[in-house]
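Here the structure is laid out as structure tokens; the discussion comes afterwards.
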Amino acid sequence: MSASDFRQIAIGRETGKPERLFRAAVSAFCALPRPSRREIAQLEDLTLPLFDKVSVEARRFVAAALSESEYAPFGLVRKLCDEPVDIAAPLLVRSPILSDVTLIALIGRHGLPHARAIARRPNLHQTIADLIRVLERPRLVYPEGAKQDEPVAGALRATGAVAASEVSNDPVPGQLAENVRRKLRSMMTPGAPREAVPDEARAPAYDRLKATALTGNDTFFQTALADALEIDLLAARSITEKSGYSSLIDALKALDLAEEQAFLLAATILPGQFAHAESVRLFLERYRALHRDVALDRVRDWKAASVGARIRSNAERLQPRVRSSAPKGDQLKAS
Numbered sequence: 001m002s003a004s005d006f007r008q009i010a011i012g013r014e015t016g017k018p019e020r021l022f023r024a025a026v027s028a029f030c031a032l033p034r035p036s037r038r039e040i041a042q043l044e045d046l047t048l049p050l051f052d053k054v055s056v057e058a059r060r061f062v063a064a065a066l067s068e069s070e071y072a073p074f075g076l077v078r079k080l081c082d083e084p085v086d087i088a089a090p091l092l093v094r095s096p097i098l099s100d101v102t103l104i105a106l107i108g109r110h111g112l113p114h115a116r117a118i119a120r121r122p123n124l125h126q127t128i129a130d131l132i133r134v135l136e137r138p139r140l141v142y143p144e145g146a147k148q149d150e151p152v153a154g155a156l157r158a159t160g161a162v163a164a165s166e167v168s169n170d171p172v173p174g175q176l177a178e179n180v181r182r183k184l185r186s187m188m189t190p191g192a193p194r195e196a197v198p199d200e201a202r203a204p205a206y207d208r209l210k211a212t213a214l215t216g217n218d219t220f221f222q223t224a225l226a227d228a229l230e231i232d233l234l235a236a237r238s239i240t241e242k243s244g245y246s247s248l249i250d251a252l253k254a255l256d257l258a259e260e261q262a263f264l265l266a267a268t269i270l271p272g273q274f275a276h277a278e279s280v281r282l283f284l285e286r287y288r289a290l291h292r293d294v295a296l297d298r299v300r301d302w303k304a305a306s307v308g309a310r311i312r313s314n315a316e317r318l319q320p321r322v323r324s325s326a327p328k329g330d331q332l333k334a335s
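Residue numbering for the sequence shown follows this note's numbering, beginning at 1 and increasing consecutively.
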């Protein structure tokens, strides 16, 4: 498979046996030395609708193929990681796109089998390693004779489902549980104010976006989107005029909108993208899978591109003036 093969598959949406298309798309994608964001989104668009139609062997093949890729679509990787550990293991052990928070959430959902695979990751965060140690040795958390129903799920639920703590070599029974809970809470607490958008700050942005989207005038919505994201109008226009909704998902996730709010806006602006229930399910799945940090990074890229475009435009406007001033100087010398 080559880069041109992937682009042909993505553009042509070639039909055929789902299994063959699923494997071929991933194989061709892995041949790309540095795939663009558009190509990453195309792979996700191609493979997620096929996911439930392919065999376990195909899923295992794709998990292994994407396990070391730093460009693998997060939605597809997350879907594979939610499979049984015999499929997900290569990603759990090696994937560079799984953050610490994602790893902890996976442990919370799937328990010890996934935790043991994650424990094999190189340079694993010490807090996660300690959490796995707690899950492997529940008697550190529950004294002998204490009720131990669902120790893994119970410990994680009590903390909001995330990471562990620094532990002493000889912890007191029950004390380690509290240390784990404290550390889990601290890891899941947003580290910067931008992570949590207050409802009062979020509501006006959504209300204006909804009001402008329902007018049916794309320019009104693009202007509201540009104001909400603090990007220029050209960037907002390109987000809503693309053939797919990948960029729009990034924009709405960066605003930290609820999935129902995001879907209402997307369906109003791009109604042709949601012709059947499967397309709605796929949109919601992709929106849930996208991490807000990734969406914010993409908004920063749009802002940087806008600044670069303005600098180039200003430079082009100044160049004719420099050229036109040269003859005047020559005329003065001649006189």
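Don't be surprised by glycine CBs; every beta carbon is placed ideally from N, CA and C.
Going by Cα to Cα distance, which pick from the options is closest to residue i?
i: residue 88; options: 96, 78 and 97; result: 78
i: residue 33; options: 233, 53 and 72; result: 72
i: residue 279; options: 263, 289 and 290; result: 263
i: residue 232; options: 27, 86 and 305; result: 305
i: residue 69; options: 27, 86 and 56; result: 27
i: residue 56; options: 22, 36 and 67; result: 22
i: residue 403; options: 259, 277, 303 and 235; result: With the chain represented from 1 up to 335, any question about residue 403 goes unanswered, as that position is not in the structure.
i: residue 296; options: 215, 250, 311 and 211; result: 250
i: residue 109; options: 261, 294, 137 and 83; result: 83
i: residue 123; options: 107, 98 and 137; result: 98
i: residue 102; options: 235, 311, 288 and 65; result: 288
i: residue 234; options: 275, 307 and 265; result: 307
i: residue 273; options: 242, 66 and 65; result: 242
i: residue 236; options: 66, 301, 133 and 312; result: 301
CB-CB under 7 Å to residue i, same chain, minus the five flanking residues each way: which ones, in chain order?
i: residue 51; result: 79
i: residue 244; result: 41 and 45
i: residue 205; result: 228 and 255
i: residue 113; result: 85
i: residue 35; result: 29 and 71
i: residue 265; result: 209, 210, 213 and 252
For residue i, which residues of its own chain have a beta-carbon under 8 Å away from its beta-carbon, when the five flanking residues on both sides are left out?
i: residue 269; result: 213, 218, 221, 240 and 248
i: residue 48; result: 75, 76, 79, 282, 285 and 286
i: residue 238; result: 247
i: residue 37; result: 246 and 298
i: residue 215; result: 221
i: residue 198; result: Any reading at residue 198 must be qualified, since the residue scores a pLDDT of 48, below 50, and its modelled position is unreliable; no value is offered.
i: residue 277; result: none
i: residue 20; result: none
i: residue 290; result: 74, 75, 249, 250 and 253
i: residue 191; result: Confidence in residue 191 is poor, its pLDDT being 46 and thus under 50, which makes the residue's placement unreliable; the coordinate value appears in the next sentence. Cβ within range, chain order: n/a, list empty.
The alpha helix (DSSP H) with residue i in it runs from where to where?
i: residue 342; result: With the chain covering only 1 through 335, there is no way to say anything about residue 342.
i: residue 71; result: Here residue 71 belongs to no alpha helix (DSSP H), and DSSP marks it neither H nor E.
i: residue 108; result: 100-110
i: residue 261; result: 259-269
i: residue 53; result: First-last for residue 53: undefined, no H or E at that position.
i: residue 283; result: 277-289
i: residue 87; result: 85-94
i: residue 246; result: 246-254
i: residue 27; result: 18-30
i: residue 238; result: 233-241
Please go through the same chain and pick out, in chain order, the residues whose beta-carbon is closer than 6 Å to the beta-carbon of residue i, but skip the five residues on each side of it.
i: residue 18; result: 50, 53 and 54
i: residue 299; result: 229 and 254
i: residue 303; result: 231
i: residue 208; result: 224
i: residue 210; result: none
i: residue 170; result: In this prediction, residue 170 scores a pLDDT of 43, lower than 50, which makes its location untrustworthy; the coordinate-derived value is nonetheless stated afterwards. The answer is none, since no qualifying residue turns up.
i: residue 261; result: 206
i: residue 81; result: 88, 91 and 106
i: residue 64; result: 90
i: residue 66; result: 72
Would you say the beta carbon of residue i is closer than 7 Å to some non-hydrogen atom of the ligand NAD?
i: residue 295; result: In the structure on display, the ligand NAD does not appear, and there are no ligands present to speak of.
Does residue i have its Cβ less than 8 Å from a Cβ in chain C?
i: residue 87; result: Annotation note: the requested chain C is absent from the structure, which comprises a single protein chain.
Worksheet entry | Touch test, the segment 106-118 against the segment 88-97, Cβ-Cβ under 8 Å, three pairs minimum | Cβ pair count under 8 Å is three or more, so yes.
Worksheet entry | Meets three-Cβ-pair contact criterion under 8 Å: the segment 53-62 and the segment 252-270 | The segment 53-62 vs the segment 252-270: no contact.
Worksheet entry | Given 8 Å, three or more beta-carbon pairs between the segment 243-262 and the segment 224-231 | Touching, yes, given that three or more Cβ pairs across the two stretches are closer than 8 Å.
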